[in-house]
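Protein chains in written order, with the numbering used here: chain A, 1 to 565; chain B, 1001 to 1100; chain C, 2001 to 2644; chain D, 3001 to 3290. For every residue, glycine included, the Cβ atom is placed at its ideal position computed from N, Cα and C. It should be emphasised that the depicted structure is a prediction, and the values quoted were computed from it without experimental measurement. Let me begin by presenting the structure, written as structure tokens, before commenting on it.
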Amino acid sequence: MSDVPWLTVLVAVPLVGAVVVAALPRAELAKLVALLVSVLTLGVGVAVALQYELGGGMQLTETHDWIAAFGVHYALGVDGLSLLMVLLTVVLVPIVLAYSWTHADEGRGASGSTRSFFAWALALEALSLAVFLATDVFLFYVVFEATLIPAYFLIGGFGKAGRGAAAVKFLMFQLGGGLVLLGSVIGLYVVSAQAGEPSYLHADLAELDLSTSAERWLLAGFLIAFIVKAPLFPLHTWLADTTEKATPGTSVLLVCVLDKIGTYGMLRFCLELFPEASRWATPLVVTLALISIVYGALLAIGQDDLLRLVGLTSLSHFGFITLGIFVFSSQGQSGAILYMVNHGLGTALLFLTAGHVIERRGTSSISRMGGMEKLTPVLAGLFLVAGLATLSLPGLSPFVSELLVIIAAFDYHWWVGAVAVTGIVLAAIYVLWMYQRVMTGPGPLAAGAAGGAGEHADDPARREPAGHGTDAPTGGTATATATRPTTGTTAGSSTAVGPRDLRPHEVAVLAPLVAGLVFLGFYPMPLFDVANPYVEDLMSHVGVEDDAPAVPEGTTVEHAGEGAH
Amino acid sequence: MTDVTPYVVLSAILFSIGCVGVLTRRNAIVVFMCVELMLNACNLALVAFAKQHGNLDGQIAAFFVMVVAAAEVVVGLAIIMTIFRTRRSASVDDASLLKY
Amino acid sequence: MYSLSEAAHQVPVIDPSAADGTFSLLWLVIGLPLIGAAVLLLGGRATDRWGHWLGTLASVGSFVVSVLLFVELRGREEAERSVTQHLWDWIAVGDLEVGLDLLYDPLSALFLLLITGVGSLIHVYSIGYMEHDPRRRRFFAYLNLFVAAMLMLVLAENYVGLFLGWEGVGLASYLLIGFWQHKHSAAAAAKKAFVINRVGDIGMALAIALLFTTFGTTSFSAISEVSGAAEEDTLTAVGLLLLLAACGKSAQVPLQAWLLDAMEGPTPVSALIHAATMVTAGVYLVVRSNFIFELAPHAQTVVVVVATVTLLWGAVIGCAKDDIKKALAGSTMSQIGYMMLGAGLGVAGYAFAIFHLITHGFFKANMFLGAGSVMHGMNDDVDMRRYGALRHAMPVTFLTFAMGYLAIIGFPGFSGFWSKDKIIETALAENWVVGVLALLGAGITGFYMTRLMLLTFLTSKRWKDDVHPHESPAVMTVPLIVLAALSVLGGVLLLGDWIVEWLAPVVGEAPHHEPPLPIIVITLLTVAVVAVGVAAAWFLVGRREVPLTPPQDVSFATRAARADVYGDAINDVLVVRPGAATVRGITAGDRTLVDGLFTGGSSGVKAVGNVLRRLQNGFVRSYALSVLGGVLLVVLALLAVNLA
Amino acid sequence: MTAFWILAPVMVLAALGILVVRKAVHAALLLAVVMISLAVLYAVLDAPFLFAVQIIVYTGAILMLFLFVMMIVGVDASDSVVETIRGQRPLAVLLGLGLAVILVASVGQITLGTVVGLDAANEGGNIEALANLLFSRYVFVFETTSALLITAAVGAMVLAHRERTGPRPTQASRAAQRVRDFAERGEHLGPLPAPGVYARHNAVDTPALLPDGTPAESSVSRTLAARGRIRSAPDLADDIEDVQRALGGLPGGSGSPGDTASGSGHNTENPSAAAGGPATDGDPGSEAPR
């Protein structure tokens, strides 16, 4: 164990940064400091990763007594699962902050200022990291609830009209889940105290010998809280409202980082602390996950608000993650862990590009968009990459995880796999239909540009049947003038030549996400190296083994006369 | 020595009467008087118990109650005056804005 | 109905050796076009000027490597003609270990040549065809991406790797169909193609899952070794799932609806993707999975049924289309039906399926590019009713197109004659119903292709005077000439049953099987049926005046054919409309019912609060009364506790 | 115990009286009765110091304060008999009775044992004993009460203080204000006419008469007007006509109401019109000098 308490440093840097940023006098300075702090946190996160030994269980642990009477500790530690979540968090936050450099002021009300957005984002990062690192259940509970504070202010302070109500709804759901969780946390104390010295340390609790009913009741509390957080089918309605009203940056922090706490908790607490009860609850959870996959995808297809749509795709994805966790096979669980990382990258890219699109069009209503591709090809390309990641195209990282989950689900029961796999068709529909309506078509200014601008003089419009081409100039200008007032409401971003494409620095912000998606799509071994040892430990702790294949390799077959004849 | 029970009973009765007064009277000043009545009833019990136990602490407590009552009356009456100035009324029912 | 050959035959085991020497260049085949695509996509406008050259160069380079590899492979012993190259570990969890592995064997070797060869020609052609498009660089990037993905598909050593290529070509197809995104129809067609392909992917994903649970691996070589030990039901299920995937990619009924719409893409795309290569991936999949299908006769039966239906379905559509590209697309669908039929016939048909696939790649690419050349000269008009007598205006196009035409109808001596004949022959040998239907299909092919030929190049001039048909530049005609030559000469592959023997290590060798009729009779019969079709077209189309607008008072069959045999209508009624209704219902239900759980709860709390807040009446004396009540309760409780 | 049995009924009755009397002053007096009785009981209970303090502080200071405030608020202020909050009174009585019953019952239940008595504690004198306690064990509490008292005093001052919101008006500003009021609302500009100026009587309850013979109501104190102790104008008008008739000099119609003091003979002929005020100041209702 090294002398430097790396994990405490990892949590403390953004936390201190948040306070400093909140106290700074000028918004510009605050932005810069916040970005630097988040990059510093990234550095610390990388340092932690470098010291991590693959397959070494819980590492870099720090344990100090906090409330001795209840056996509560300030205990941090990192294992394979935590490490991936931590890295995801520290990577996403600088990207969100850099993205928000120019977007934080969007639609903010009296309750928010640019500076406070950055401060709250850093606070959220610190608390999320603490959640992923806590190895004491009580400490976990405390920071789990504490994440709601910055999240509430981020949702309520920044975004569209109606964000206040969305923030309250978010808070109600989360507090409701947290309340149930509190019940189980207290219950854990009771059983722990009955067994001897009370201790909230995760390692001690995992050793507890619980009665069947106690284990099931305790599991129920944890599971409900995490199902609200993740979210799964009946408890998902906060997600859509929140993502619709909040800024894309907030949504990234919320969906890609914060919601991971739900699935993280399922692995860390439900499975590790209550293995038998978890297996008992499997049919219910698997059913909910399947419903979420299909239901979320169908809902996403029916949405008109771009951000709401993106938010609801996550419902489907969280269904996949939960499914992978609860089918109890190494493919499923490694797949779920990878899915958490990949979903973080892919959905972040989708949210941020959608944010760019909305900024350029001044509306988030899909039915009022169209034709962006011609004017903003780079943005369209990134948007498409994000969409393809969402639909798990092979070659992008989500494919690997989704395939693993589908295989594991199929292994669990063939019809589970069959239901889950419909998600890939529905995903194609919502992603491509969204892309079609947002990006393709003649668009608001395309006709005018084709008639006038030199760049488009040789437009392929000429390849259209002749009847279209002849009246294009006159009809085109009329369309252009008619639609300009609506796009003009984009508050300066829309000039006379229409929405501008992404500028280099905006591309640079998104580039790491794209690079990550492609690299991990073709070479996900780094993730497997970290996740697999954890999954092996978990599987042996839970006491399950992978099903052996019906026909193992090396079976000798006589190659004559097989078949029905 | 004589029994102090009657004193305590008297104290209880006075206290109850004070309570009812607070609940039924609407003139703020009279309500205040009823509060004073309750305080005095308590004092009587304290003094009686001091005698019962042969211990002066009860008297000291009664003394402090008086001091605090004096302070309370000063502030309370000032508040009543201020309210009366602005609302032209000393009825506690008129100050009922803090409601649903 | 259909029965597998009684004779015992052997499912060949894929037993590759590690790549060395020239074969270590295998990755380069995929790498070159991939690098080309990456450079062109990331390079932005800086690469606009020379992008198309880079793209073409990458494809040609890939072709050169393919040829080198092919020569090397031919030099080897028959048993050693299977090489694998492990690039890196891709997925490794528990028992599931998937490497990014490449498998180079006689089957992939042929595909490599076809893809890179035809692909390179189409690249060259596109330089001319897309010359005036401001986004030509992107077009070439997408083409390169497609070539790389298609090569990945045919080189993959396991089903997951194949899936990677499978989806990669789907993506490239999506991008290229929707290349002119400003047209709503193009964007919609692209989406439709991708979504229908995704339906097929359900089969692929589930097949991979089932293969893994059954065999614990997804590698071709490992599965082929032990496939005989699996239960037949399992293998049938795998076969059907793979067939579903193949139906999506190869536009087989019932997932055929996207192919006609896909003609929205630029014509070289139609030639490369929707005629020569990608759409035949389904055939490749079935042939590659021969170790499954051979042991799952029921699955094979379904393949044959699907193939037969499709070959007629596509042929019927091809008869009624006035859009030259759509007529060709219908023909493609039909021809892939032939290939599928061949693949479904088992060991006897695999080699011929691949043979027809290759010759079809030549002549159909040739004809699509010819159609593109025609459109190029006709101001992008695609309506054949406004063509006519173009043989004078564009002689090279006409001649090359004619070669393709003769090849597809199976004119004796041309490549299509050899390949299609063999499939019909085998079909007749295996099951006479299927054989007769395939024969009928050949006749219809003769009809619709003759009709197309007549409408376009022969008959009388019907184009307006402001259209000036002209021959295309050399950069476009040279590929046409090369492909025409290949269309004519493709039959040489069958010389001495070369292709059958070449593929034998992969697909096995069929025992000699006597057809019900002498081969020469079958051949003559086929030629006769085709001749009837050609003659019918001559009498119905060639000898009459062609109206500029299609006549409306036509038979039900024609109307059905014009409506793609109601493929879209069926999808609409069965899937789209119920789906849309479901989505609407769920969207509304989510807002009301599911969210109602929350909003209902909160309004319940609010209602209770509304009642309870009445207690806060503002009267201090009321509050004091409550306090007194509370005091009484507390005192009583204390007394009760103390007295109890 | 004699004192107790005499005083206890008195105290209870007086306390009950507080509940029912309508006037606050009566309630205060009844409270005084209770408090003085309490003081006596303190004395009986061996608490001579508290006896003194009770009388000095409670009855002397606190009750006086009550009365003082009552004078400010209005000595007449009395409650209406009608209870406005539904159910308040019966519930209050019920609960109060309940409390009394419970308390009395529970006190009655307990046997307190023998009374120790304060003889030992008061040996060196009650006041000295209290002082010993107060300045040793309770010294901190004692000091705290001093802080409390000071705070209360300051608090009362702050609460009762009326803040001046504008600058103190000067004579000039008042004069300017009067002219402004006259200009805007036509308020009377000059001093009010003295009563009885043009009347035969110059008593305070007799309004002055204007030159046209109408009475000037504003010349009489409002208090007198409110009490109805004012002599009616027609009476006075009759008087004037009598006088005129007695003098017999003037024809009835010449003194038209519109005719203002313009140098006609009225002023000079009336010996009692010594003061020239009304003439110079102008009649009420005349045009303002603009």
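Q.
Just list the residues that DSSP pairs A:H568 with in beta bridges.
A. Because residue 568 of chain A is not part of the residues shown, which for chain A are 1 to 565, the question remains open.
**Q.** Other residues of its chain near A:G355: CB distance less than 6 Å, five sequence neighbours each side excluded
**A.** P248
Q.
Between which two residues does the beta strand (DSSP E) holding C:D2101 run?
A. L2096 to Y2104
Q: Use the C-beta contact count for A:R360: other C-beta atoms within 10 angstroms, 16 or more gives buried, fewer gives exposed.
A: buried
Q. What does D:L3148 reach in chain B if we use C-beta pairs closer than 8 Å?
A. V1067, V1068 and A1071
Q. Is C:A2537 closer than 7 Å to C:R2451 when the C-beta atoms are compared?
A. yes
Q) In chain order, what residues of the same chain have a beta carbon less than 8 Å from the beta carbon of C:P2473, not counting five sequence neighbours either side? A) G2128
Q.
I need the straight-line Cα distance from C:A2018 to A:E545, nearest angstrom please.
A. 33 Å
Q.
Give the list of continuous beta strand (DSSP E) stretches no shorter than 3 residues that lie fully inside the segment 2512-2593 of chain C.
A. none
Q: Can you grab the Cα-Cα spacing for the pair A:V96 / C:E2080, in whole Å?
A: 55 Å
Q | C:E2167 vs A:P394 beta-carbon contact at 7 Å | A | yes
Q | Distance between C:D2590 and A:M566 (C-alpha atoms, nearest Å) | A | Outside the modelled stretch of chain A, which goes from 1 to 565, sits residue 566 of chain A, for which no answer is possible.
Q.
Would C:V2269 and C:W2313 qualify as a contact pair, given that the criterion is a beta-carbon distance under 7 Å?
A. no
Q. Taking the alpha carbon of A:T21 as the point to measure from, which residue in A:K260, A:G45, A:L81 and A:S116 has its own alpha carbon closest?
A. It is worth fixing the name first, because residue 21 of chain A is Val in this sequence and not Thr. Considering only alpha carbons, the answer is A:S116.
Q) Just by C-beta distance, which residues in the segment 2624-2640 of chain C are closer than 8 Å to chain D? A) L2625, L2628, G2629, V2631, L2632, V2635, L2636 and L2639
Q. Hey, out of A:Q51, A:V400, A:W414 and A:V310, whose CA is closest to A:V286's CA?
A. A:W414
Q) Can you find a CB in chain B that lies within less than 7 Å of the CB of D:T3084? A) yes
Q) Is the Cβ of B:C1042 closer than 7 Å to any Cβ of chain C? A) no
Q.
Could you check whether the Cβ of D:I3018 sits closer than 7 Å to any Cβ belonging to chain F?
A. The structure shown contains no chain F; the protein chains it does contain are A, B, C and D.
Q) So, is the C-beta of C:N2617 closer than 7 Å to a C-beta in chain B? A) yes
Q) DSSP on B:N1040, reduced to helix/strand/coil? A) helix
(Q) Quick check on C:N2431: buried or exposed, where buried means 16 or more other Cβ atoms within 10 Å of its Cβ? (A) buried
Q: Mind checking the segment 3103-3118 of chain D against chain C and listing, in chain order, the residues whose C-beta falls within less than 7 Å of any C-beta there?
A: S3106
Q) When burial is assigned at 16 or more other CB atoms within 10 Å of the CB, is C:F2023 buried or exposed? A) buried
**Q.** Collapsed DSSP secondary structure at A:V544 in the structure displayed
**A.** coil
Q.
Any beta carbon from chain B within less than 7 Å of C:V2611's own beta carbon?
A. no
Q. What do you get for C:M2339, buried or exposed, if any count of 16 or more other CB atoms within 10 angstroms of its CB means buried?
A. buried
(Q) Considering Cα atoms alone, identify which of A:I301, A:G57 and A:F269 is closest to C:R2584. (A) A:I301
Q) Taking contact to mean at least 3 C-beta pairs separated by less than 8 Å, is the segment 128-143 of chain A in contact with the segment 210-220 of chain A? A) no
Q | B:A1069 beta carbon less than 7 Å from that of D:A3152 | A | no
Q | Closest Cα partner of A:T243 within the set A:L218, A:F351 and A:S292 | A | A:F351
Q) How big is the Cα-Cα spacing for C:V2195 and C:Y2566? A) 19 Å
Q: Output the distance between the C-alpha atoms of C:L2717 and A:G516, rounded to the nearest integer angstrom.
A: Past the edges of chain C, shown from 2001 to 2644, lies residue 2717 of chain C, and the structure says nothing about it.
**Q.** the segment 3122-3146 of chain D: positions lying closer than 7 Å to chain B by Cβ
**A.** A3129, L3130, L3133, L3134, Y3138, V3141 and T3145
Q. C:V2631 to A:K229, Cα distance in whole Å?
A. 43 Å
Q.
Among the candidates A:L404, A:L306, A:G262 and A:L298, whose CA atom is the shortest distance from the CA of A:V327?
A. A:L404
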